[in-house]
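Asker:
Residue numbers (this note's numbering), protein chains in the order written: chain A, 2 to 298; chain B, 378 to 979.
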């Protein structure tokens with residue numbers, strides 16, 4: 002469990018994190034979403050032990066991260082700007098990490114060669130931004146990290162490589178129970194992969210939710226009702242729109258309850274449609290109040 | 378619980394050396410070219426005495442070249458090996474590794490020292506080969522060179538790393554290192570120069586902070602012994618104590634750097650000042666530094682006219698302007714923006730420039746009592762020295778210490794008279810070379826040092842010169858001078874020469890006395906003439922005096938401390954029959970008085 006409790010961090014008087022709280026469950030894929038400058042990278046740098054909080058605590062499994070080698074050995078980190086030594090190749094970086102991270106697996110590193118489109122012996126600085134990201138994923142995945150922290154991880158990758166990277170990451174989660182904390186300024190990018198999300202704005206956590214719970218509590222029904230039938234008032238309606246006879250209704254209740262209630266009205270057509278993460282935030286949480294408009298593209 | 382780990386990480390050590398070995402290789406090559414190769418080439422080219430080249434040359438070269446090279450290399454090594462501290466990306470890479478800051482620091486210090494010491498060791502091995510080529514192997518010299526280079530590396534690397542911790546900018550790091558290394562010297566130079574310009578007669582002397590500048594101190598206390606009167610070098614002796622003390626200070630700075638490294642925050646990358654607590658100090662230093670630079674720099678433009686009344690207002694205005702410029706430059710550097718004017722910054726800048734103005738006005742009107750004449754009850758002794766131009770050549774009165782209360786009082790009165798004629802003497806042409814030196818040694822151990830240029834072109838100036846003549850020919854002064862000379866003459870390391878003027882060619886010559894000649898001159902002539910007080914008087918501005926003094930000076934010197942000499946100049950009057958006779962007989966010089974020579978010279 003990654004915990005950030007009441008974390009404050011100021012840069013020249015400016016509060017980049019202001020009593021920030023975050024709780025990332027073990028084995029989850031946690032999406033940290035917020036507009037540019039919200040404090041995503043700052044909290045990630047606390048979780049990776051780069052920054053020391055001015056106050057509050059950042060811990061993993063109850064132990065502070067800063068200057069804690071035992072904890073940091075378990076973390077694989079890919080920054081928004083990829084780290085590498087100036088003249089290094091991917092193989093050089095792998096050799097370096099092998100000496101630092103005890104779980105680094107050179108066999109896995111060799112196996113992963115096929116997953117990426119780059120040569121291990123090519124200087125990283127000569128690679129494109131997307132290829133540099135691939136190089137970083139390659140070495141980090143070979144570490145067998147228990148916790149993967151990714152700051153804007155797929156920025157600069159083409160769609161095919163994005164899909165491939167996410168596939169590798171999700172395999173990792175499935176196989177090893179890896180916890181992933183991933184930041185993005187784009188809600189849509191994370192909706193397919195995250196099971197938990199946190200929305201950060203102005204250095205504070207606006208909300209954090211288990212997506213399954215969230216999705217269980219809200220449902221979108223597309224329905225064509227017979228002439229004269231009214232929308233049931235006993236269901237908590239969040240949003241309604243219509244196109245001809247087809248009505249699109251969002252209720253704050255579970256899927257089965259909504260469907261059972263509508264079946265009683267003998268609808269001409271009825272279907273429960275999954276809500277996008279974006280719709281959930283807009284309709285469930287009231288949207289603008291949480292600054293959601295800034296994280297939708 | 379934070380885990381306990383070792384202070385060394387071999388992967389980082391190996392990686393650091395693998396990435397930066399070229400720096401140490403370049404250092405080794407420069408050392409090899411400078412010390413062993415130069416030794417062989419110069420010896421082959423000049424066929425100098427082999428013994429000196431093998432025993433003295435490498436140590437002297439290692440001292441001088443090694444000093445500058447170690448100074449530069451320390452900055453280079455810190456800028457490269459600890460360069461990640463100045464790059465946001467690299468800094469984050471290292472900070473995210475499962476390696477504690479202590480371990481990272483110690484590992485990289487080990488890597489840096491390994492590289493530097495390996496280069497030193499390679500140089501020592503090549504030096505052994507060089508000695509072999511010359512056919513004279515002295516292992517002790519090689520060990521000395523090696524230890525010397527290692528100690529120098531410690532001196533500067535520790536300090537450079539400490540400076541490297543104070544800033545987050547790779548461009549600022551060498552500036553901080555250079556500025557702090559020169560701080561002691563710079564303070565003496567700038568502050569002393571300012572005080573000397575504004576406070577009439579004030580002599581800054583040696584700053585108590587001079588030790589903070591190791592390069593001038595170590596260069597001054599080098600291993601070579603040069604005897605100016607013999608124009609030759611003596612045996613090479615390394616001032617190990619001074620060097621070891623500086624090396625220990627280097628280790629202390631390493632420890633301080635370690636402390637700062639652990640407290641340094643990763644987010645300060647790119648900041649000129651890494652620690653919040655140091656920012657006010659940075660502002661003050663920039664304000665003071667620019668104020669002094671601008672005010673004294675103006676002298677370069679206006680030509681050092683200390684005597685004019687424009688000096689004070691010009692220095693005041695430029696100091697204030699320099700202070701304002703320095704303050705806002707510091708503010709802009711800290712904030713990384715030119716939007717620096719605010720109520721708070723105006724207040725701070727106002728306070729600092731007011732303090733600077735008080736300092737300058739205080740100097741001018743002697744608020745700090747820097748020009749004062751100490752009261753008699755506080756004076757233990759007074760040392761008086763005088764430099765003047767005789768009609769033919771420069772002359773100098775030996776600096777003699779007097780304790781006689783009556784003579785001290787006479788000295789104080791003369792001093793007061795000079796101060797009363799401050800406006801006249803300030804216009805003195807320093808080329809005339811009339812300078813009075815007064816050192817008051819106080820009972821509390823302090824020394825008040827003064828020097829006054831004297832304007833003898835005016836009636837008041839000549840009166841002051843006559844007063845000085847009274848002091849330096851007073852019985853107490855002459856007795857004291859006699860005692861000083863007697864003590865000097867008994868020194869076994871005494872060296873001597875006769876300086877003389879040749880009217881025919883209008884030039885001065887110098888004859889270096891051999892040990893035997895000096896011994897004979899001292900025992901048979903100088904001491905008896907001193908006993909009869911025939912060679913003690915001075916009267917530097919009197920034709921009456923010059924017509925009875927030959928154009929010869931006996932110049933004596935003794936090395937008191939390494940590279941620090943005590944000198945004595947003895948003019949030879951016609952009364953000093955023994956000395957005059959000895960010089961005529963042994964050097965074949967014709968006896969001619971200054972007045973006669975002056976007449977011949979036209």
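In this text, a Cβ means the ideal position worked out from N, Cα and C, and glycines have one as well.
Considering only their Cβ atoms, is the gap separating residue 791 of chain B from residue 649 of chain B smaller than 8 Å?
Answerer: Within the second chain, numbered from 1, the residue matching residue 649 of chain B stands at position 272. Within the second chain, numbered from 1, the residue matching residue 791 of chain B stands at position 414. A distance of 8 Å or more separates the beta carbons of residue 649 of chain B and residue 791 of chain B.
Asker: Taking only beta-carbon atoms, is residue 50 of chain A less than 8 Å away from chain B?
Answerer: What you label residue 50 of chain A is simply residue 49 of the first chain in a count that begins at 1. By this cut-off, residue 50 of chain A is an interface position.
Asker: Which residue's Cα is closest to the Cα of residue 848 of chain B: B:788, B:563, B:451, B:892?
Answerer: Locating residue 848 of chain B in the second chain gives position 471, where the first residue counts as 1. For the residues B:788, B:563, B:451, B:892, the minimum Cα distance to residue 848 of chain B belongs to B:788.
Asker: Please report the residue range of the beta strand (DSSP E) in which residue 180 of chain A lies.
Answerer: To locate residue 180 of chain A, count along the first chain from 1; it is residue 179. Run containing residue 180 of chain A: 180–185, per the beta strand (DSSP E) assignment.
Asker: By alpha-carbon positions, which one of A:256, A:227, A:221, A:73 ends up nearest to residue 239 of chain A?
Answerer: For this step, residue 239 of chain A is matched to residue 238 along the first chain. Among A:256, A:227, A:221, A:73, the Cα nearest to that of residue 239 of chain A belongs to A:221.
Asker: Would the beta-carbon of residue 518 of chain B fall within 8 Å of that of residue 436 of chain B?
Answerer: Here residue 518 of chain B refers to the residue found at position 141 when the second chain is read from its first residue. Here residue 436 of chain B refers to the residue found at position 59 when the second chain is read from its first residue. Closer than 8 Å, so yes.
Asker: Ignore the nearest five residues each way along the sequence and tell me which others in residue 274 of chain A's own chain have a CB closer than 7 Å to its CB.
Answerer: One-based indexing of the first chain puts residue 274 of chain A at position 273. Once the five neighbours on either side are set aside, the close Cβ partners of residue 274 of chain A are 221, 223.
Asker: Tell me the rounded alpha-carbon separation between residue 493 of chain B and residue 95 of chain A.
Answerer: As a first step, residue 493 of chain B is located in the second chain; it is residue number 116 there, counting from the start. As a first step, residue 95 of chain A is located in the first chain; it is residue number 94 there, counting from the start. Going from the Cα of residue 493 of chain B to the Cα of residue 95 of chain A covers about 28 Å.
Asker: Nearest-angstrom Cα distance between residue 668 of chain B and residue 431 of chain B?
Answerer: Counting from one through the second chain, the residue named residue 668 of chain B turns up at place 291. Counting from one through the second chain, the residue named residue 431 of chain B turns up at place 54. For residue 668 of chain B and residue 431 of chain B, the distance between alpha carbons rounds to 49 Å.
Asker: Along chain B, in chain order, which residues have C-beta atoms closer than 9 Å to that of residue 80 of chain A?
Answerer: Position 79 of the first chain holds residue 80 of chain A. What residue 80 of chain A touches in chain B: 466, 469, 470, 473.
Asker: Output, in chain order, the set of chain B residues within a Cβ distance shorter than 7 Å of residue 272 of chain A.
Answerer: One-based indexing of the first chain puts residue 272 of chain A at position 271. Going along chain B, no residue has its Cβ under 7 Å from residue 272 of chain A, so there is no contact; the nearest lies around 48 Å.
Asker: Let me know the secondary structure DSSP gives residue 744 of chain B once reduced to three states.
Answerer: The residue given as residue 744 of chain B occupies position 367 in the second chain. Reduced to three states, the DSSP call for residue 744 of chain B is coil.
Asker: Residues of the segment 67–92 of chain A in Cβ contact with chain B at a cutoff of 7 Å, in chain order, please.
Answerer: 68, 69, 70, 71, 73, 74, 78, 80, 82, 84, 86
Asker: Tell me the DSSP secondary structure of residue 607 of chain B in three-state form.
Answerer: Working through the second chain from its first residue, we reach residue 607 of chain B at position 230. Here residue 607 of chain B scores only 47 on pLDDT, less than 50, and its place in the model should not be relied on; the value that follows carries that caveat. Correct three-state label for residue 607 of chain B: coil.
Asker: Does the count of Cβ pairs from the segment 410–417 of chain B and the segment 382–402 of chain B closer than 8 Å reach three?
Answerer: no
Asker: With a floor of 4 residues, list each alpha helix (DSSP H) that falls wholly inside the segment 449–507 of chain B, ordered by position along the chain.
Answerer: 465–473
Asker: By the 10 Å Cβ neighbour count, where 16 or more other Cβ atoms means buried, how is residue 540 of chain B classified, buried or exposed?
Answerer: Taking the first residue of the second chain as 1, we reach residue 540 of chain B at position 163. Flag for residue 540 of chain B reads buried.
Asker: Using 8 Å as the threshold, is the C-beta distance between residue 355 of chain B and residue 443 of chain B below it?
Answerer: The structure shown does not extend to residue 355 of chain B, since chain B is modelled only from 378 through 979, so no value can be given for it.
Asker: So, helix, strand or coil for residue 368 of chain B, using DSSP?
Answerer: Since the first and last residues shown for chain B are 378 and 979, residue 368 of chain B lies out of range.
Asker: Is any beta-carbon of chain B found at less than 8 Å from that of residue 181 of chain A?
Answerer: Counting from 1 along the first chain, the entry for residue 181 of chain A is found at position 180. Residue 181 of chain A does not count as touching chain B.
Asker: Please confirm whether residue 104 of chain A has its beta-carbon closer than 8 Å to some beta-carbon of chain B.
Answerer: For this step, residue 104 of chain A is matched to residue 103 along the first chain. No, no contact with chain B.
Asker: Helix, strand or coil: which one does DSSP assign to residue 854 of chain B?
Answerer: Here residue 854 of chain B refers to the residue found at position 477 when the second chain is read from its first residue. Reduced to three states, the DSSP call for residue 854 of chain B is helix.
Asker: If you drop the 5 nearest sequence neighbours on each side, which residues of the same chain put their C-beta closer than 8 Å to that of residue 606 of chain B?
Answerer: By 1-based counting over the second chain, the position of residue 606 of chain B is 229. Its pLDDT being 46, under 50, residue 606 of chain B is placed unreliably by the model, and nothing is read from it.
Asker: May I ask you to report which of helix, strand or coil DSSP gives residue 437 of chain B?
Answerer: Position 60 of the second chain, counted from the first residue, corresponds to residue 437 of chain B. Residue 437 of chain B falls in the helix class under three-state DSSP.
Asker: Mind pulling the chain B residues with CB within less than 7 Å of residue 157 of chain A?
Answerer: The residue you call residue 157 of chain A lines up with position 156 of the first chain. Neighbours of residue 157 of chain A on chain B: none; closest Cβ ~15 Å, over 7 Å.
Asker: Under 8 Å by Cβ, that's how I've got residue 565 of chain B and residue 588 of chain B pegged, so tell me the actual separation to the nearest angstrom.
Answerer: Against the second chain, residue 565 of chain B aligns to sequence position 188. Against the second chain, residue 588 of chain B aligns to sequence position 211. Contact flag wrong, Cβ pair sits at about 11 Å.
Asker: Give a yes or no on whether the minimum CB-CB distance between residue 477 of chain B and chain A is below 8 Å.
Answerer: In the second chain, the residue the question calls residue 477 of chain B occupies position 100. For residue 477 of chain B, the answer is yes, since a Cβ of chain A falls inside 8 Å of its Cβ.
Asker: Suppose only complete runs of 3+ residues qualify. What are the beta strand (DSSP E) ranges in the segment 795–843 of chain B, listed by chain order?
Answerer: 812–819, 824–830
Asker: Can you give me the start and stop residues for the alpha helix (DSSP H) that residue 107 of chain A sits inside?
Answerer: Stepping through the first chain from its first residue, residue 107 of chain A is reached at position 106. 107–112 is the extent of the alpha helix (DSSP H) around residue 107 of chain A.
Asker: Hey, is residue 724 of chain B's beta-carbon within less than 8 Å of any beta-carbon in chain A?
Answerer: Within the second chain, numbered from 1, the residue matching residue 724 of chain B stands at position 347. No, because no Cβ of chain A sits closer than 8 Å to the Cβ of residue 724 of chain B.
Asker: Spatial neighbours of residue 733 of chain B within its chain, please: C-beta separation below 6 Å, excluding the five flanking residues on both sides.
Answerer: Position 356 of the second chain, counted from the start, is the residue given in the question as residue 733 of chain B. Same-chain partners within the cutoff: 668, 696, 700.
Asker: Checking contacts by CB at 8 Å: is residue 707 of chain B closer than that to chain A?
Answerer: By one-based count along the second chain, residue 707 of chain B stands at place 330. It does not: the Cβ of residue 707 of chain B has no partner Cβ on chain A nearer than 8 Å.
Asker: DSSP three-state label for residue 267 of chain A, please.
Answerer: Your numbering for residue 267 of chain A matches position 266 in the first chain. DSSP places residue 267 of chain A in coil when its eight states are reduced to three.
Asker: Using the beta-carbon count (16 or more within 10 Å), is residue 597 of chain B buried or exposed?
Answerer: Position 220 of the second chain holds residue 597 of chain B. Exposed, since its Cβ has fewer than 16 Cβ neighbours within 10 Å.
Asker: Excluding sequence positions up to five away, which residues of its chain have a Cβ less than 7 Å from the Cβ of residue 455 of chain B?
Answerer: Looking up residue 455 of chain B in the second chain gives position 78. For residue 455 of chain B, where only same-chain residues beyond five positions count, the Cβ hits under 7 Å are 537, 538, 541, 550.
Asker: Whole angstroms are fine: how far does the CA of residue 620 of chain B sit from the CA of residue 511 of chain B?
Answerer: Position 134 of the second chain holds residue 511 of chain B. Position 243 of the second chain holds residue 620 of chain B. Straight-line Cα distance between these residues: approximately 29 Å.
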